[in-house]
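In the numbering used here, the protein residues as written are 67 to 203.
In this text, a Cβ means the ideal position worked out from N, Cα and C, and glycines have one as well.
Each remark here refers to the structure printed beneath this line.
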Ligand SMILES: [Zn+2]
């Protein structure tokens, strides 16, 4: 029987620097030189003003839970992960990331909770940028 393997992202040219940094446990974001705003996920144009003047900047990693959902039942390859917390984290630079909150009791997660990155390697190429509570329980 084939093992159930979790899906991994397809790394595109515009996203490659993000994944390379994640492997080195660094969080980088695209910053727009025209409007000054940050974005995630990586794109070829600024999502705010459509400028192509984008550069990579180191994020402080400081963020807060913008919204979340705790998954108690999950099909297929994620069945062994439950319960797990999916979330959108808003970084202090203003960019929002779809991610998971780990090292956190599902009963404790809350909108506005301060979080920091937790780098979780999946294989030699992909390291997920999850988040954990900034302060220990
Ligand atoms: Zn812009």
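Following the continuous beta strand (DSSP E) through residue 166, name the residue where it begins and the one where it ends.
162–167
If we require 4 or more residues per run, which alpha helix (DSSP H) segments fall completely within the region 74–133?
82–89
Give every residue of the same chain whose Cβ lies closer than 6 Å to the Cβ of residue 67, excluding the five residues on either side of it in the sequence, and list them in chain order.
Only weak support exists for where residue 67 lies, its pLDDT of 47 falling under 50; the coordinates are left without a value.
Give a single yes or no on whether residue 100 has its beta carbon closer than 6 Å to a heavy atom of ligand 1.
yes
Would residue 186 and residue 194 qualify as a contact pair, given that the criterion is a beta-carbon distance under 7 Å?
yes
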